[in-house]
Amino acid sequence: MPDAMSVASFTSLLQAFAPCFTAPSFDTFAMLMSGWVLNLRRHTVTGTVQAAQAVGYKHISSFHRFFSQAEWQLDAVGLVLIRLVVAHLLGPDEILVPIDDSLGRHNGKRIAAASMYRDPLLSTAARPLFHWGHVWVVLAINVNAFGKVWALPVLFRLYRSKKLCKTGKRPYRKITELGRELVELLAKTLPERQLCILVDAAYSNRALIRQRPRNVTVIGRSRLDAALYAPPPARRGQMGRPRVRGKRLPSPEKLALSKKARWQRVEVTVYGKTVVVRTLVIDALWYVAAHSELVRLVLVRGFPGHQRDDVFVCTDPTLEPETIIERFSRRWPLEVTFHDSKGKLGFEEPQNRTERAVERTAPMALLAYSFVVLWYVQSGQHLRAARAPTMPWYASKTAPAFSDMLATLRRASWLERLSLPCANLSTLRKVMRPIVAYAAAA
């Protein structure tokens with residue numbers, strides 16, 4: 045293996061994933077991941093190999109085959125990452141697990157598994173816009189560090205449209221079914237831990253709620269027109285099949301308009317702010333989603349950023365409304381993760397075309413995000429490279445952003461490389477050559 049471009053502590057972190065690969069494949073994985081976090085160009089395979097200073101160490105086709113043909117499983121890497129995050133960044137409390145999907149835009153109709161999807165960033169309610177690309181379902185684990193919440197992606201699934209599945213003669217699976225598969229995998233990996241799944245309205249349905257693992261609670265956005273029912277009445281000697289639900293109740297929207305509604309004011313901390321909102325608690329059966337399981341719906345008025353009333357559902361009816369609201373707001377860090385992974389780590393930039401390569405390449409950016417945060421919390425924050433110059437316009441800044449963590453990793457890697465002793469001018473030029481190329485790429 046060529047001289048490691050990333051700092052030794054980051055390379056040491058990657059050693060935990062060696063059992064997921066054969067020896068040659070792990071060698072390639074370590075070089076690619078080091079190049080991924082150091083790359084200032086487009087995050088293609090060739091660009092990443094250049095950033096890792098691995099040109100000539102192996103034929104370039106070896107790096108392409110790592111994604112398209114090598115025998116390794118993305119889930120295996122994710123499970124090792126899960127254990128590292130739980131062991132080093134989490135306490136004994138319930139684990140918050142946001143799930144969402146993100147569109148990776150691509151050009152070119154020969155990209156495997158690509159299709160036309162609604163672009164949530166460009167669309168409005170009145171005018172939907174569509175883009176060619178991939179939709180990824182991502183499961184993350186929330187961790188608290190430096191006074192902020194970070195969503196670390198750990199498990200991934202590539203969604204395929206009905207048309208693609210029909211053309212490829214493969215069974216169609218909904219986005220929610222892919223999310224359910226990720227939840228079951230996580231619950232099986234951490235059977236002794238309580239998991240709280242945080243989802244938006246698209247995932248708050250029967251796929252995630254019904255017959256879920258015992259150690260899983262779901263909190264998500266419900267519907268204002270949800271069909272609610274009272275629990276079934278006690279049987280009094282009747283014959284036949286027992287009732288599974290009671291009488292029909294007014295929908296949350298109608299209850300909100302009722303003069304008899306018992307609204308309460310509660311103080312909640314959401315999105316970094318402490319605000320007072322009005323809440324209306326409804327314990328009922330949401331039969332279409334949870335069957336005969338009693339759930340708690342919390343109708344919220346005055347939620348930050350929402351002009352209309354909103355309603356959240358929780359499968360644990362013992363939780364207080366403020367807890368449900370605050371936990372739901374912890375879903376937002378995953379959106380920040382998507383933003384940083386696209387802007388800083390090239391989530392949308394790989395240009396692989398084949399089926400297997402597509403399934404493996406884009407998640408490298410999300411894995412890199414988790415690796416960088418994990419590395420920074422464990423060791424990066426203690427390095428001299430973490431003390432970045434203070435800018436006058438950031439005089440009050442106290443907590444690092446992801447861009448600060450990534451910059452620290454890059455600074456530490458170059459400082460370590462520059463500290464290597466140089467016996468002669470030729471060695472010095474060899475050390476300086478990638479730094480000159482690095483500066484030119486910027």
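Numbering (this note's numbering), first residue to last: 45 to 486.
The beta-carbon is built from N, C-alpha and C at its ideal position, and this holds for glycine as well.
Quick caveat: nothing in here was measured; it's all calculated off a predicted structure.
DSSP state of residue i mapped onto helix, strand, coil
{"i": "E460", "result": "helix"}
{"i": "T323", "result": "strand"}
{"i": "V51", "result": "coil"}
{"i": "M435", "result": "coil"}
{"i": "E392", "result": "coil"}
{"i": "M160", "result": "strand"}
{"i": "R375", "result": "coil"}
{"i": "K386", "result": "helix"}
{"i": "D470", "result": "Reading off the sequence shown, one finds Ser at residue 470, where the question assumed Asp. Helix at S470."}
{"i": "D490", "result": "Since the first and last residues shown for the chain are 45 and 486, residue 490 lies out of range."}
{"i": "I479", "result": "helix"}
{"i": "P413", "result": "As written in the sequence, residue 413 is Tyr, which differs from the Pro given in the question. In this structure, Y413 counts as helix in the three-state DSSP scheme."}
{"i": "Y315", "result": "coil"}
{"i": "T9", "result": "Because the chain is modelled from 45 through 486, residue 9 falls outside the range shown and cannot be assessed."}
{"i": "D239", "result": "Inspection of the sequence shows that residue 239 is occupied by Leu rather than by Asp. Strand."}
{"i": "I253", "result": "helix"}
{"i": "L427", "result": "coil"}
{"i": "L165", "result": "coil"}
{"i": "L450", "result": "helix"}
{"i": "L268", "result": "coil"}
Reference residue i; option with closest CA among the options
{"i": "R454", "options": "S440, R340, R428, T442", "result": "R428"}
{"i": "I558", "options": "I126, R374, L293", "result": "Examination of residue 558 is not possible in this model, given that the chain is present from 45 through 486 alone."}
{"i": "V417", "options": "T452, E392, W437, D145", "result": "T452"}
{"i": "G13", "options": "V421, E393, N186", "result": "Lying before the first or after the last residue shown, residue 13 is absent from the chain, which here runs from 45 to 486."}
{"i": "F391", "options": "P444, T90, T405, R306", "result": "T405"}
{"i": "P136", "options": "L234, Y203, A170", "result": "L234"}
{"i": "Q113", "options": "L133, T398, P257", "result": "T398"}
{"i": "D244", "options": "R171, P275, V141", "result": "V141"}
{"i": "Q422", "options": "A189, G346, A274", "result": "A189"}
{"i": "D360", "options": "S385, G91, F110, E138", "result": "E138"}
{"i": "R109", "options": "T72, P215, N186, E228", "result": "T72"}
{"i": "F347", "options": "V314, R340, Q282", "result": "V314"}
{"i": "Y161", "options": "R340, V130, R204", "result": "R204"}
{"i": "A131", "options": "E115, I185, A409", "result": "I185"}
{"i": "R149", "options": "R237, S106, R473, L173", "result": "L173"}
{"i": "R258", "options": "P436, V227, R400, F372", "result": "V227"}
{"i": "T88", "options": "M408, A305, Y438", "result": "M408"}
{"i": "K388", "options": "R431, E379, L450", "result": "L450"}
{"i": "V187", "options": "P444, R292, P377", "result": "P377"}
{"i": "L462", "options": "M476, L469, S470", "result": "M476"}
{"i": "I104", "options": "V260, W116, T90, V344", "result": "T90"}
{"i": "I369", "options": "L343, H383, T381", "result": "L343"}
{"i": "V260", "options": "A274, E236, Y273", "result": "E236"}
{"i": "P276", "options": "R292, I263, G264, M283", "result": "R292"}
{"i": "N396", "options": "R154, K232, Q308", "result": "R154"}
{"i": "A443", "options": "L202, E311, Q425, W307", "result": "Q425"}
{"i": "E311", "options": "I263, E225, G281, E364", "result": "E364"}
{"i": "R371", "options": "K210, L239, R280", "result": "L239"}
Inter-residue CB distance, residue i and residue j (contact presumed, cutoff 8 Å)
{"i": "P164", "j": "L147", "result": "7 Å"}
{"i": "M402", "j": "A157", "result": "For clarity, residue 402 is Val in the given sequence; the question names Met instead. Indeed, because the Cβ distance is near 5 Å, the residues count as touching under 8 Å."}
{"i": "A128", "j": "A60", "result": "The sequence given here places Leu at residue 128; Ala does not occur at that position. Sure, about 6 Å apart at Cβ, within 8 Å."}
{"i": "K207", "j": "S159", "result": "7 Å"}
{"i": "F54", "j": "W458", "result": "At roughly 13 Å, the Cβ-Cβ gap does not stay under 8 Å, so F54 and W458 are not in contact."}
{"i": "L145", "j": "V181", "result": "It should be noted that the sequence gives Asp, not Leu, for residue 145. Sure, about 5 Å apart at Cβ, within 8 Å."}
{"i": "Y413", "j": "S447", "result": "No, Y413 and S447 are not in contact; Cβ-Cβ is about 11 Å, not under 8 Å."}
{"i": "L118", "j": "F200", "result": "6 Å"}
{"i": "Y273", "j": "L341", "result": "That belief does not hold up - the Cβ atoms of Y273 and L341 are roughly 12 Å apart, past 8 Å."}
- Query: Does the pairing of the stretch 353 to 370 with the stretch 261 to 274 give three or more beta-carbon distances under 8 Å?
  - Reply: Short answer: they touch.
- Item | Ordered list of alpha helix (DSSP H) runs contained in the stretch 78 to 133, each at least 4 residues | Qualifying alpha helix (DSSP H) stretches, in chain order: 89 to 95, 104 to 112, 118 to 133.
- Query: Are at least three pairs of beta-carbons, each pair with one atom in the stretch 60 to 67 and one in the stretch 123 to 142, less than 8 Å apart?
  - Reply: Result yes; three or more Cβ-Cβ pairs closer than 8 Å.
- Query: Taking contact to mean at least 3 C-beta pairs separated by less than 8 Å, is the stretch 332 to 345 in contact with the stretch 275 to 288?
  - Reply: Three or more Cβ pairs closer than 8 Å define a contact, and the stretch 332 to 345 meets that threshold against the stretch 275 to 288.
- Task: Check whether the stretch 315 to 328 touches the stretch 295 to 303, taking contact to mean three or more Cβ pairs, one atom from each stretch, closer than 8 Å.
- Result: Touching, per the Cβ criterion.
- Along the chain, which unbroken stretches of the beta strand (DSSP E) at least 3 residues long are found entirely within the stretch 171 to 236? Listed in chain order, the beta strand (DSSP E) runs fully inside the stretch 171 to 236 are 174 to 189, 192 to 203, counting runs of at least 3 residues.
- Query: Is there contact between the stretch 167 to 178 and the stretch 188 to 197, where contact requires at least three CB pairs shorter than 8 Å?
  - Reply: Under the 8 Å Cβ criterion, the stretch 167 to 178 does not count as touching the stretch 188 to 197, having fewer than three qualifying pairs.
- Length at least 4, wholly inside the stretch 283 to 313: the alpha helix (DSSP H) runs in chain order: Taken in chain order, the unbroken stretches of alpha helix (DSSP H) that lie wholly in the stretch 283 to 313 and span 4 residues or more are 296 to 301.
- Message: I'd like to know if the stretch 241 to 254 and the stretch 207 to 220 are in contact, where contact means that at least 3 CB-CB pairs between them fall below 8 Å.
- Response: Touching, yes.
- Message: Threshold first: 4 residues or longer. Then list the alpha helix (DSSP H) segments lying entirely within the stretch 325 to 374, N to C.
- Response: The stretch 325 to 374 contains these whole alpha helix (DSSP H) runs: 331 to 334, 365 to 373.
- Message: Closer than 8 Å is the cut-off here; do at least three beta carbon pairs connect the stretch 73 to 84 with the stretch 95 to 105?
- Response: Using a C-beta cut-off of 8 Å, the stretch 73 to 84 makes contact with the stretch 95 to 105, since at least three inter-stretch Cβ pairs fall below that distance.
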